[in-house]
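Numbering (the numbering used here), first residue to last: 179 to 436. Have a look at the structure below, then the notes.
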Ligand SMILES: Nc1ncnc2c1ncn2[C@@H]1O[C@H](COP(=O)(O)OP(=O)(O)OP(=O)(O)O)[C@@H](O)[C@H]1O
Ligand SMILES: [Mg+2]
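Shown next, in the form of structure tokens:
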């Protein structure tokens, strides 16, 4: 497995006119090809900032960022995103929403259009293509958002709390769906979440951050049976034990900083 992302000794200070905020302190993080990595930690510890650094949107104050940008096909994207809000355009049909990313990136040729629509059909959106976002449930809309991102053929998916706006039941179902799609399409993913169980249910590796400034508090490597779905994983004793460990790590952080 080769590395897709490598952050070395990253420090980030947010500067404003009258203050400086140390957001990240000495972060080392790596993501291997086809690995599923999660980042958990207290609110404001710098999780979203790490994703912005990986995308290049924010330059670190010090440290090195390496993101392998050699896709097998140079026309393919490197990084795709999925956020808490699906950001679908309400006036466009689902089909047109799925094709929107390609249009925006001037990549809408016949092959890519077919690829995007095949993905949509393969993953349960066939009967929704002519509908509008308002006619779909929140979970379904998030699935559309993922397919729209996958249409650009990114190697790496950055997921910033993509399930947190959904009700619990939908959230569990969507976790299974999204995990299945990511594995079948051989994608690499970095998930940011507040939900420890969610991280345990999907990841190969979990980074636990300290309260601000974010430092790496612990790294957990998970070795669940690859055939388990996220839902099945959650029910194992191993998942429950790991939950207790990570919960305590984050709890200690909160107490230390009060
Ligand atoms: N543009 C900015 N200017 C100044 N400070 C910022 C800026 N963006 C974020 N911060 C601060 O940096 C810290 C890290 O922010 P970040 O959004 O990365 O945290 P987070 O872990 O994603 O939080 P949450 O769990 O609430 O989403 C926070 O304390 C935040 O207030
Ligand atoms: Mg955030």
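By construction, the Cβ of each residue, glycine as well, lies at the ideal position given by its N, Cα and C atoms.
*Quick one: measure Cβ to Cβ for residue 275 and residue 266, integer angstroms, because I've assumed they're closer than 8 Å.*
5 Å
*Go through the segment 283–316 residue by residue and report every complete run of the alpha helix (DSSP H) that reaches 4 residues or more, in order.*
Runs of the alpha helix (DSSP H) inside the segment 283–316: 288–300.
*Residues with a Cβ closer than 7 Å to any heavy atom of ligand 2, in chain order?*
Residues lining ligand 2 by the Cβ criterion, that is a Cβ closer than 7 Å to any of its heavy atoms, are 225, 226, 338, 339 and 370 in chain order.
*Check residue 430 in the structure and name its three-state DSSP category.*
helix
*Have a look at 234, 235 and 392 and flag the residue whose alpha-carbon is nearest the alpha-carbon of residue 431.*
392
*Return the CA-CA distance between residue 299 and residue 324, expressed in angstroms with no decimal places.*
13 Å
_Residue from 191, 402, 237 and 180 whose Cα sits closest to the Cα of residue 126_ = As displayed, the chain neither begins before 179 nor continues past 436, which places residue 126 out of reach and without an answer.
*7 Å Cβ shell around residue 167 - same chain, five flanking residues per side excluded*: No answer is possible for residue 167: the residues shown for the chain start at 179 and end at 436.
*Relative to the alpha-carbon of residue 229, which residue among 368, 262, 186 and 194 has its alpha-carbon at the smallest distance?*
368
*State the DSSP-derived secondary structure class of residue 415, mapped to helix, strand or coil.*
Note: residue 415 maps to helix in three-state DSSP.
*Starting from residue 205, follow the alpha helix (DSSP H) in both directions and report where the run begins and ends.*
That residue, residue 205, is in no alpha helix (DSSP H); its beta strand (DSSP E) goes 198–210.
*What's the C-alpha gap between residue 411 and residue 417?*
7 Å
*Measuring CA to CA, which of 423, 401 and 422 is closest to residue 215?*
Closest option to residue 215, Cα to Cα, is 401.
*asked:* Here's the rule I'm using: 16 or more other beta-carbon atoms within 10 Å means buried, otherwise exposed. How should residue 301 be labelled?
replied: buried
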